[in-house]
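Data first, discussion second: the structure below is written as C-alpha cells.
Protein chains: 2
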Amino acid sequence: MVSKNQIKLISSLHQKKQRFANQLFFAEGVKVIQELLQSNFELEHLYTTLNDFEAVQPSKRTLINEQELKKISALTTPNSCLAVFKIPAENKVIDSGLIVALDDIRDPGNLGTILRLCDWFGIKQIVCSKETVDIYNPKVVQATMGSIARVNVNYVDLKTFINQTNLPVFGTFMDGENIYQSNLPQNGIIVMGNEANGISAEIENIVTSRLTIPRFGDLQKTESLNVATATAIILSEFKRNS
Amino acid sequence: MVSKNQIKLISSLHQKKQRFANQLFFAEGVKVIQELLQSNFELEHLYTTLNDFEAVQPSKRTLINEQELKKISALTTPNSCLAVFKIPAENKVIDSGLIVALDDIRDPGNLGTILRLCDWFGIKQIVCSKETVDIYNPKVVQATMGSIARVNVNYVDLKTFINQTNLPVFGTFMDGENIYQSNLPQNGIIVMGNEANGISAEIENIVTSRLTIPRFGDLQKTESLNVATATAIILSEFKRNS
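So the sequences go chain by chain: A and B. Using the UniProt record's numbering, read the first sequence as starting at 1 and increasing by one per residue. Using the UniProt record's numbering, read the second sequence as starting at 1 and increasing by one per residue.
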C-alpha cells in the first residue's frame, strides 16, 4: 500500500521546484527503472503492481494495486511500476570530444529524444542553458528510455561556458555551409536552438562555424525541421566519417 | 457563435470513424490552416477568435470567443483558430522516385514528424499500412505543420503494393549493411517499422536491401532510435549525394 504522504510527495515531484527541494525525481516502466538501477542512480523507493524487481531490498519496495499506481503516475496509461530516485550531484563537465549545447529547448519530448540520440552516437556531454526544460521532468525521463543514465547533463550559463572553452562552435542557420560538404571535426560544441526562435542572438555571435542542412522540397514553402530530427541529421553527419 | 450542432460535429471528428463518415477533418493554428487553404484542401468552415483570414468568404467564417474555441479544440492550450476541411479523394500513388512505406506506425506525433521530414527531403509519396494511424487524426495534422498539403499519402496493403512495383525495397535491421557505406539509389521503397516491433516478418521477407544505422555509444546498453529520428538519418543519407 502507498500512504497518503507518499502520494503527496510523488505528486509534488511533478514540479521542478519540489524535485529540487526534495532532491528526488521519479521514473516509470520496467525498462527505464532497470536502466537507472543498473547505473549510479540511488533508489529511494520502488512501487510496483507485480512481484518483480526481486533484487531490490524489501524495505525499498512496495507492492501496490493498479488504482494506487494511477494515483501516482504521470502517464495517461500507467505502466506497472514507478520508482523514486535521488537526484545525483552534478558531475563535472567533460569538455573534450563532441558536446551538444541546448539553447532553451522547452519541450520535454525533444530533450528526451536528443538525449537518446546523444547516447546512440556516443556523445558523452550535453550542456543546457538555464532556460532549457529540466532533465528530471517526468516526460523527459520517460522519453530518454534510460539514456539519462549514460549521458552527462549540466545546466550552465551557455555563453560563459562556450567562451571559456577553446572548442569550435557549430550552429545551423539558413545561410550556413552545406553540412554534407563540410569538414566536421570530432571536437567541438554543437549548438541546437529553441523550438520557436532557433539559436539566440547572444549565442549566434559566438558560433564559429555556420552550417546548414540542405532542403530538397519546395524551397518556398517547406517548414523547418523539428529540433530533434535536425539533431539526428547533424549528429549522423558528424559521426559518419569518424 | 458556434452552435451546439457544430460543437457536436467537430467533437465527433476526433474519432476516425466519424471523420470517415463525414469526410471531414480539422486543423488548428494560423500556420497550418494557411498552408491548407493555399493548397488544394477545400474549406468547410473556419472558426476564429480574431478578425483574421479576410480572404475566406464571410459565410464560411465564424468569429468565436476563447471559451467556445476551448470547447472544440483538441489542444490543451488552444491556438486562435480551428478550421474544418473536406477530406480530399485519395490521389493515385506516385510509384517512382523514393517512396517511404510505413509498416504500422501508431504514434500520431511520429507520423506527423515523418511527413514533415518527407516534405523537407522532397519525398513525394508515403504509403501506409492499413494499421498505421490515420493521417487526418488531429495530432498528426498538428505535427505535420502544414506538410500534409505537400506529400501524397495513401493507405494500402503494404505487401501487395510492394510486390507489384519493381522497386528495390530498403529496411533497417541490426544485421544490415552500414548505411554510411552503402550505395543508395534515388528510386526505391524505404520501409520504416512499428515503434515497438519494427518491420513485420511479412514485409521483412520482401526487403531486398538490409541496411543498418551504426551505433557509436555503449553497444551493450544503448536503446534503439525512435522511428522519426531514424527516418531523419535514413532520408538524409539517401539524399546527401543525390
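Where a beta carbon is used, it is the ideal one built from N, C-alpha and C, also for glycine.
Neighbourhood of residue i by C-beta distance below 6 Å, restricted to the same chain and skipping five residues each side
i, result
"residue 69 (chain B)", "49 and 78"
"residue 19 (chain A)", "13, 25 and 136"
"residue 134 (chain B)", "16"
"residue 192 (chain B)", "102, 227 and 231"
"residue 123 (chain A)", "98 and 100"
"residue 239 (chain A)", "121"
"residue 128 (chain B)", "102 and 155"
"residue 249 (chain B)", "Past the boundaries of the shown model lies residue 249 (chain B); chain B is included only from 1 to 242, so the question cannot be answered."
"residue 200 (chain B)", "103"
"residue 131 (chain A)", "104"
"residue 112 (chain B)", "140, 143 and 144"
Beta bridge counterpart(s) of residue i as assigned by DSSP
i, result
"residue 129 (chain A)", "A:156"
"residue 25 (chain A)", "A:85"
Residues that residue i contacts on chain A, provided the C-beta gap is smaller than 7 Å
i, result
"residue 226 (chain B)", "113 and 116"
"residue 236 (chain B)", "233 and 236"
"residue 239 (chain B)", "216"
"residue 180 (chain B)", "240"
Residue i: contacting residues in chain B (beta-carbon distance under 7 Å)
i, result
"residue 232 (chain A)", "229, 232 and 233"
Listed by chain order, chain B residues near residue i by CB distance under 8 Å
i, result
"residue 106 (chain A)", "Going along chain B, no residue has its Cβ under 8 Å from residue 106 (chain A), so there is no contact; the nearest lies around 13 Å."
Listed by chain order, chain A residues near residue i by CB distance under 9 Å
i, result
"residue 200 (chain B)", "The premise fails here: residue 200 (chain B) is roughly 22 Å from chain A at the closest Cβ pair, so nothing lies under 9 Å."
Interface partners of residue i on chain B, CB under 9 Å
i, result
"residue 121 (chain A)", "215, 216 and 217"
Residues near residue i by beta carbon distance below 7 Å, same chain, minus five either side
i, result
"residue 43 (chain B)", "37, 56, 60, 83 and 85"
"residue 96 (chain B)", "187"
"residue 35 (chain A)", "146 and 149"
"residue 106 (chain A)", "133, 194 and 195"
"residue 109 (chain B)", "139 and 143"
"residue 40 (chain A)", "88"
"residue 176 (chain B)", "210, 211 and 212"
"residue 119 (chain A)", "147, 150 and 151"
"residue 71 (chain B)", "7"
"residue 58 (chain B)", "none"
Own chain, CB closer than 8 Å to residue i, minus 5 neighbours either side, in chain order
i, result
"residue 244 (chain A)", "Because chain A here runs from 1 to 242, residue 244 (chain A) falls outside it and cannot be looked at."
"residue 206 (chain B)", "159, 162, 163 and 169"
"residue 179 (chain A)", "172, 211, 212, 213, 214, 233, 234 and 237"
"residue 197 (chain B)", "104"
"residue 204 (chain A)", "171 and 173"
"residue 185 (chain A)", "168"
"residue 126 (chain A)", "99, 100, 101, 102, 114, 115, 118, 151, 152, 153 and 154"
"residue 65 (chain A)", "49"
"residue 242 (chain B)", "186"
Proximity test, residue i beta-carbon vs the ligand SAH heavy atom, cut-off 7 Å
i, result
"residue 195 (chain B)", "The model on display carries no ligand, and the ligand SAH is accordingly not part of it."
C-beta neighbour in chain E for residue i, strict 8 Å
i, result
"residue 33 (chain B)", "Although the question refers to chain E, the structure presented lacks it and instead comprises the protein chains A and B."
Any beta strand (DSSP E) of 3 or more consecutive residues that is wholly inside the UniProt domain "tRNA/rRNA methyltransferase SpoU type" (98 to 235) of chain B: 98 to 103, 125 to 129, 152 to 156, 169 to 178, 188 to 193 and 209 to 212
Tell me, please, whether the stretch 166 to 174 of chain B touches the stretch 62 to 76 of chain B by the rule of three or more beta-carbon pairs shorter than 8 Å. A contact between stretches requires three or more CB pairs, one per stretch, nearer than 8 Å, and the stretch 166 to 174 of chain B fails this requirement with the stretch 62 to 76 of chain B.
Which ranges does the alpha helix (DSSP H) cover as unbroken runs of at least 4 residues, wholly within the stretch 35 to 111 of chain B, from first to last along the chain? 66 to 72
Would the stretch 144 to 158 of chain B and the stretch 84 to 100 of chain B be scored as touching if the rule is three or more Cβ pairs under 8 Å? yes
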